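Single-structure report; data block below.
Protein chains: 2
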Amino acid sequence: MSHYTKSPLMGQMMNQPLLISSIIEHADRYFGDNEIVSRRVEGDLHRTNYRECHARSRQLANALQSLGVKMGDRVATLAWNGYRHLEAYYAVSGSGAVLHTINPRLTPEHIAYIANHAEDQYLLFDLTFLPLVEAFAAHCNTIRGYILMCDPDRMPASSKIPHLMCYETLIAQHQADYCWPLFDENSAATLCYTSGTTGNPKGALYSHRSTVLHSYASAMPDALCVSGRDTVLPVVPMFHVNAWGLPYSVPLTGAKMVFPGPALDGKSLYELFESEQVTFSAGVPTVWLGLLTYVGQNKLTFSSFKRTVIGGSACPPSMMQTLRHQYGIDVVHAWGMTEMSPLGTACTLQSKHGALSEQDQQAILETQGHVIYGVDMKIVDDAGKALPWDGKTYGNLLVKGPWVISSYFKNEGGEVLQDGWFPTGDVATISADGYMRITDRSKDVIKSGGEWIGTIDLENIAMAHPAVLQAACIGIAHPKWDERPLLIVVKKPGMDVSKAELLEFYQGKIAKWWMPDDVVFADALPIGATGKILKNKIREQFKDYTLPSA
Amino acid sequence: MSHYTKSPLMGQMMNQPLLISSIIEHADRYFGDNEIVSRRVEGDLHRTNYRECHARSRQLANALQSLGVKMGDRVATLAWNGYRHLEAYYAVSGSGAVLHTINPRLTPEHIAYIANHAEDQYLLFDLTFLPLVEAFAAHCNTIRGYILMCDPDRMPASSKIPHLMCYETLIAQHQADYCWPLFDENSAATLCYTSGTTGNPKGALYSHRSTVLHSYASAMPDALCVSGRDTVLPVVPMFHVNAWGLPYSVPLTGAKMVFPGPALDGKSLYELFESEQVTFSAGVPTVWLGLLTYVGQNKLTFSSFKRTVIGGSACPPSMMQTLRHQYGIDVVHAWGMTEMSPLGTACTLQSKHGALSEQDQQAILETQGHVIYGVDMKIVDDAGKALPWDGKTYGNLLVKGPWVISSYFKNEGGEVLQDGWFPTGDVATISADGYMRITDRSKDVIKSGGEWIGTIDLENIAMAHPAVLQAACIGIAHPKWDERPLLIVVKKPGMDVSKAELLEFYQGKIAKWWMPDDVVFADALPIGATGKILKNKIREQFKDYTLPSA
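These protein sequence lines map, in sequence, to chains W and F.
Residues 1 to 550 (the numbering used here) are what the first sequence spells out, left to right.
Residues 1 to 550 (the numbering used here) are what the second sequence spells out, left to right.
The structure is reproduced here in structure tokens:
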């Protein structure tokens with residue numbers, strides 16, 4: 001921060017850097033015996049606490065130091081949500097090295113590209129990913145050793161992975177006497193690559209400062225509202241954007257943590273929610289779809305689950321209503337992105353909304369909400385001119401804040417900011433009182449006759465139809481209008497609906513010229529590594545599609 | 001922060017300083033029409049909102065600039081909790097000058113000393129304080145102008161105060177076109193002097209960074225838990241330690257703010273709580289005593305008040321139970337000090353405490369709680385050796401954190417830290433799971449036969465007696481035991497209790513050797529400028545007191 005003007009009178013407060021290690025130290029000192037429960041790859045439930053987590057993190061930090069890992073070196077993980085992954089979070093960043101979380105849903109080629117680009121020195125991975133690591137290890141140029149996160153008796157008898165070590169054997173050789181170093185809070189802490197649907201994947205390089213500030217801000221009552229009275233199950237993966245910061249914000253409050261491991265199907269999640277009495281969770285809509293399907297089919301209820309944050313993609317209003325009205329679970333709609341650590345907005349009501357009707361409150365709760373203090377946003381037209389906050393005008397969404405990137409790792413993609421603001425690639429409206437609604441991705445919006453059609457609205461309406469499981473809307477080239485909407489629909493198992501019925505369902509809900517020109521039924525939609533529907537794949541698939549003439 | 005080692009790899013996040021101006025900008029942009037209601041010195045209720053507050057803050061910033069106020073200059077206030085005081089908070093600090101809040105309960109001599117020591121350039125003050133300002137203005141060497149916070153028609157026809165200006169006339173001459181400057185976040189923002197019961201008053205000089213971090217931390221669910229769904233009435237004064245940070249943490253959440261002005265009696269507060277539907281408040285025990293007395297005498301109830309933070313002094317358990325059980329108001333016991341911005345700890349339960357009995361939960365809630373993430377604490381003996389966390393061992397309490405001072409303004413009092421820790425002057429125990437309990441001030445603790453007797457425990461037991469309104473316990477010199485406890489008691493109006501009955505009331509509640517040697521009944525106890533009982537005055541009063549021989 002040194003390039004800003006200093007006042008002739010500086011404050012006289014303690015000069016203490018904001019470091020990730022302070023979180024696990026705090027959790028140990030004040031919440032040492034609070035539980036961390038993990039469903040392991042092996043299938044069993046493992047129980048530990050913040051005190052042990054801190055001790056084992058320091059053992060791992062000592063081990064990494066003995067392996068020659070230095071400040072600023074990248075150490076990669078390829079792992080599910082679990083206690084060993086949490087230990088790696090603190091050991092790597094806390095010691096001044098940089099935690100590079102790799103998304104295991106990427107292809108081996110993709111992973112090798114990222115690992116080489118990041119110049120990873122070591123890779124820690126879960127047993128599940130042994131075949132995956134075997135598939136790409138030979139293509140990694142910088143990795144000096146592979147650490148399999150398991151007990152000695154689960155190590156493979158032989159493997160073609162070079163320098164393969166056992167995590168438990170490794171840390172058992174080291175004491176917990178490690179002292180977390182103090183260093184500049186702007187030092188790099190973690191590295192996460194964007195899914196990279198276009199061009200090469202690009203890395204967001206978070207600092208200790210940005211991570212700690214994001215932890216404070218995201219824990220606040222109008223954001224994730226994380227408290228020591230909660231039991232938190234992060235469904236969002238620790239291998240992507242740090243599970244929305246929960247591995248930091250949960251320990252600092254002392255809340256009980258429950259990790260689901262690889263078992264993200266409806267049945268496994270439901271059983272874990274109930275057995276551990278989870279009160280709060282966070283995930284993308286597709287996960288809740290699976291959970292709700294299971295719970296609905298088996299006529300179950302939740303005994304402790306009270307609140308969930310949904311982000312990653314817009315939550316279909318129908319799902320929000322089911323969670324709220326059928327199961328009594330409050331939904332906080334949130335929005336962010338890899339480049340924002342990731343949280344930018346959360347949707348909560350204010351005192352003044354208490355007087356609104358249930359329906360008007362619902363309309364607000366379906367937006368992505370207002371920015372979390374620290375972040376600021378605006379919408380602009382293609383020329384960069386600020387657009388009005390009227391809840392109707394569509395514009396390109398720009399953000400700034402201390403947990404937003406200024407550039408990508410190794411300056412991939414060059415200058416990314418526009419006058420100091422980060423262009424999100426989202427199209428949004430903002431209401432007069434600052435509630436933002438994502439209407440589309442810039443690259444997904446359908447440009448028809450010079451006007452924009454938001455595909456998310458069209459998809460949400462389709463999803464509200466009782467026979468529709470999933471829907472995606474894309475623009476198809478049109479000789480007269482430039483582009484026109486095509487709707488692709490996956491029906492619920494055992495349910496039926498016709499094209500005519502579906503289009504009839506749109507009547508009165510949209511402007512007439514927004515009506516999809518055609519509907520196609522599909523068995524499934526392509527889903528990406530972060531759980532989002534891959535519209536570019538759908539566009540590729542339908543690139544030669546001809547719309548019926550009107 | 002620059003003296004810390006930089007990693008070879010720095011994060012690539014936006015370089016954005018943490019500045020107080022960003023709070024009011026955020027409140028304007030996202031919660032612009034949310035209300036700020038103030039009971040004015042004039043007696044009426046004034047209504048404004050965050051948008052107007054931001055505009056008027058910028059007008060004031062322009063006005064101060066035109067008066068020659070520069071970055072780092074001190075601008076003082078002598079004012080109650082109200083909207084104009086809030087404007088001054090943002091205008092002064094936001095523009096890079098330093099807000100010096102003066103406690104009007106100090107003597108004119110005391111105020112002149114502080115104003116001269118701070119080298120205040122201007123003083124903004126409420127109409128109430130006109131006689132006070134007239135009493136000390138002639139003794140202030142550096143103040144170039146006095147700004148009376150009122151409408152033009154309330155200005156005095158004549159006054160001996162030099163360079164007296166009208167606030168409303170002044171800001172009306174300026175536009176709201178002021179742009180908040182960006183500068184180093186470690187720049188000084190506000191200055192607050194300790195009440196200084198011994199030696200000269202000493203100034204705590206907060207920075208923008210410390211204030212913003214304190215705002216985030218104190219708003220979290222396990223601290224003050226400030227949300228946009230609250231209506232907040234800070235009874236704690238803005239003239240002392242920034243009203244526990246509420247003038248910052250409330251606007252950043254968009255909560256409706258209600259300022260009580262000078263009307264802090266039970267009736268006025270109760271009426272304001274009800275008419276504005278206040279949900280959350282914060283204050284010292286003496287204020288709640290007044291409110292509860294009024295509410296009890298008139299057999300009233302609260303229709304919206306749900307939660308309060310009590311600090312400044314330990315809250316008597318009996319008051320906590322009355323609030324909780326009789327009125328359904330949750331009490332969060334908090335602890336801090338001027339040197340800590342001020343919040344250090346807050347007392348909230350964790351998941352694991354859900355299984356405890358009501359009584360065991362109550363015992364935890366009566367402690368000062370655990371530190372808010374960012375602060376760390378320890379207890380040490382007189383030689384500086386760390387003492388065990390067993391909930392029993394008494395020790396000197398030391399703290400550190402980014403919102404704790406490193407030294408006093410102008411280095412008054414010299415080096416204050418002990419190995420990087422700030423000695424609080426409190427004596428405390430810490431339980432195995434990190435709950436801290438203040439047992440005394442170091443200077444109040446009674447040293448009897450080489451052991452320590454905590455006066456707060458003795459006072460709390462007395463306060464639990466139905467006939468006792470207030471109690472204070474001091475050590476009286478004793479030939480054999482060095483010191484022995486004397487209890488001074490104020491009875492409730494119309495109630496009676498004898499010395500023998502009171503001592504009988506202690507039976508079974510304390511170790512036998514803790515029993516007060518004598519009880520004295522008084523009409524009132526001396527209260528200091530910050531609402532605390534002045535034990536040094538009581539000790540002065542009883543310095544020649546002779547205890548009855550056993």
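From the three backbone atoms N, C-alpha and C, an ideal C-beta is built for every residue, glycine too.
Computed from a predicted model, the values in this text were never measured in an experiment.
Where the alpha helix (DSSP H) containing W:M436 begins and where it ends: Here residue 436 of chain W is taken as the residue at index 436 of the first sequence, counted from 1. First-last for W:M436: 436-441, but that is the beta strand (DSSP E), not the alpha helix (DSSP H).
Does the beta carbon of F:F273 sit closer than 7 Å to a beta carbon anywhere in chain W? On the second sequence, residue 273 of chain F is found 273 positions in, with the first residue counted as 1. For F:F273, the answer is no, since every Cβ of chain W falls outside 7 Å of its Cβ.
Mapping the DSSP letters down to three states, classify W:W514 as helix, strand or coil. Looking up residue 514 of chain W in the first sequence gives position 514. Three-state DSSP puts W:W514 in a helix.
Quick one: complete alpha helix (DSSP H) runs, 4+ long, within the segment 200-238 of chain W? 208-219
May I have the straight-line CA-CA distance separating W:F302 from F:L224, to the nearest angstrom? Mapped onto the first sequence, residue 302 of chain W falls at position 302. Mapped onto the second sequence, residue 224 of chain F falls at position 224. Answer to the nearest angstrom: the Cα atoms are 29 Å apart.
Residues within the segment 178-192 of chain W neighbouring chain F, beta-carbon criterion of under 8 Å: P181, L182, F183, D184, E185, N186, S187, A188, A189
In the DSSP assignment, what are the bridge partners of F:Q470? Taking the first residue of the second sequence as 1, we reach residue 470 of chain F at position 470. Bridge partners of F:Q470: F:V490.
Closer than 8 Å by C-beta to F:V212: which residues in its own chain qualify, once you throw out the five before and the five after it? Chain order, please. Taking the first residue of the second sequence as position 1, residue 212 of chain F is located at position 212. Same-chain partners within the cutoff: L18, L19, I20, S22, I23, E185, Y248.
With 16 as the cutoff for other CB atoms within 10 Å, does F:Q12 come out buried or exposed? Taking the second sequence and counting its residues from 1, the one referred to as residue 12 of chain F is at position 12. F:Q12 is buried by the Cβ-count criterion.
For F:S281, list the residues DSSP reports as bridge partners. Locating residue 281 of chain F in the second sequence gives position 281, counting from the first residue. Answer is F:L233, F:T308, bridged to F:S281.
7 Å Cβ cutoff, W:Y4 in contact with chain F: One-based indexing of the first sequence puts residue 4 of chain W at position 4. W:Y4 counts as touching chain F.
Neighbour list for W:Q230 in chain F, Cβ cutoff strictly below 8 Å: Indexing the first sequence from 1 puts residue 230 of chain W at position 230. Here residue 230 of chain W is Asp; the residue named in the question, Gln, does not match the sequence. Chain F residues near W:D230: S351.
Please go through the same chain and pick out, in chain order, the residues whose beta-carbon is closer than 8 Å to the beta-carbon of F:L398, but skip the five residues on each side of it. Position 398 of the second sequence, counted from the first residue, corresponds to residue 398 of chain F. Around F:L398: M377, K378, I379, V380, Q418, W421, F422, P423, T424.
What does the Cβ neighbour count give for W:N141, buried or exposed, with the cut at 16 atoms within 10 Å? Indexing the first sequence from 1 puts residue 141 of chain W at position 141. W:N141 should be labelled exposed.
Interface residues of chain F facing W:D151 [CB-CB closer than 7 Å]: The count along the first sequence starts at 1 and reaches residue 151 of chain W at position 151. Within 7 Å Cβ-Cβ: nothing; W:D151 doesn't reach chain F, min ~28 Å.
Nearest CA to the CA of W:S549: which residue from W:D523, W:W481, W:A63? Taking the first sequence and counting its residues from 1, one reaches residue 549 of chain W at position 549. Of the candidates W:D523, W:W481, W:A63, the one whose C-alpha sits nearest the C-alpha of W:S549 is W:W481.
Helix, strand or coil at W:K532 according to DSSP, with G and I counted as helix: Looking up residue 532 of chain W in the first sequence gives position 532. If DSSP states are grouped into helix, strand and coil, W:K532 belongs with coil.
Just to confirm, is the Cβ distance from F:I161 to F:F136 under 7 Å? Taking the first residue of the second sequence as position 1, residue 161 of chain F is located at position 161. Taking the first residue of the second sequence as position 1, residue 136 of chain F is located at position 136. No, they are not a contact pair.
Just reading off the beta strand (DSSP E) that F:A121 is part of, what are its end residues? Position 121 of the second sequence, counted from the first residue, corresponds to residue 121 of chain F. Rather than Ala, the amino acid found at residue 121 of chain F in this sequence is Gln. Counting along the chain, the beta strand (DSSP E) containing F:Q121 begins and ends at 120-125.
Residues in its own chain within less than 6 Å of F:W452 by CB, not counting five upstream and five downstream? One-based indexing of the second sequence puts residue 452 of chain F at position 452. So the list reads Y394, V445, once near-sequence residues are dropped.
How about W:H370: is its C-beta nearer than 7 Å to some C-beta of chain F? Position 370 of the first sequence, counting from 1, holds the residue named residue 370 of chain W. Cβ-Cβ to chain F under 7 Å: yes for W:H370.
Would you say W:V404 lies against chain C (beta-carbon separation less than 7 Å)? No chain C appears in this structure, whose protein chains are W and F.
Less than 7 Å between CB atoms is the rule here; does W:M257 satisfy it with respect to chain F? As a position in the first sequence, residue 257 of chain W is number 257, starting the count at 1. Taking Cβ atoms only, chain F never reaches closer than 7 Å to W:M257, which makes this a no.
Are at least three pairs of beta-carbons, each pair with one atom in the segment 96-109 of chain W and one in the segment 38-54 of chain W, less than 8 Å apart? no
Going along chain W in order, which residues have a C-beta closer than 7 Å to the C-beta of F:N34? Position 34 of the second sequence, counted from the first residue, corresponds to residue 34 of chain F. Those are Q350, K352, listed as they occur along chain W.
Are the C-beta of W:S407 and some C-beta of chain F separated by less than 7 Å? Indexing the first sequence from 1 puts residue 407 of chain W at position 407. Cβ-Cβ to chain F under 7 Å: yes for W:S407.
Taking C-alpha atoms, which residue in W:A255, W:L132, W:E459 lies nearest to W:V468? The count along the first sequence starts at 1 and reaches residue 468 of chain W at position 468. Ranking the options by Cα distance to W:V468, first place goes to W:E459.
Can you name the residues of chain W whose CB is closer than 7 Å to the CB of F:H225? Translated into positions along the second sequence, residue 225 of chain F becomes position 225. Sequence inspection shows Cys at residue 225 of chain F; the His mentioned does not correspond to that position. The answer, in chain order, is P221.
Is F:L252 buried or exposed, if buried means 16 or more other CB atoms sit within 10 Å of its CB? The residue you call residue 252 of chain F lines up with position 252 of the second sequence. F:L252 should be labelled buried.
Going along the segment 29-57 of chain F in order, which residues come within less than 9 Å of chain W, judged by CB to CB distance? R29, Y30, F31, G32, D33, N34, E35
Please report the distance separating the alpha-carbon of W:L191 from that of W:D28. Residue 191 of chain W sits at position 191 when you count from the first residue of the first sequence. Residue 28 of chain W sits at position 28 when you count from the first residue of the first sequence. Their backbone Cα atoms lie some 25 Å apart in a straight line.
Along the segment 431-460 of chain F, where does the CB come closer than 9 Å to a CB of chain W? Name the residues. A432, D433, G434, Y435
Please report whether the beta-carbon of F:Y206 lies at a distance below 7 Å from any beta-carbon of chain W. Position 206 of the second sequence, counted from the first residue, corresponds to residue 206 of chain F. It does: the Cβ of F:Y206 has a partner Cβ on chain W nearer than 7 Å.
Just to make sure I have the definition right: I need the residues of chain F whose C-beta is within less than 8 Å of the C-beta of W:K400. Which are they? Numbered from 1 along the first sequence, position 400 holds the residue referred to as residue 400 of chain W. Residues of chain F passing the Cβ test: M14, Q16.
Tell me the DSSP secondary structure of F:W481 in three-state form. As a position in the second sequence, residue 481 of chain F is number 481, starting the count at 1. If DSSP states are grouped into helix, strand and coil, F:W481 belongs with coil.
For F:K400, the first and last residue of its enclosing beta strand (DSSP E): As a first step, residue 400 of chain F is located in the second sequence; it is residue number 400 there, counting from the start. First-last of the beta strand (DSSP E) with F:K400: 395-400.
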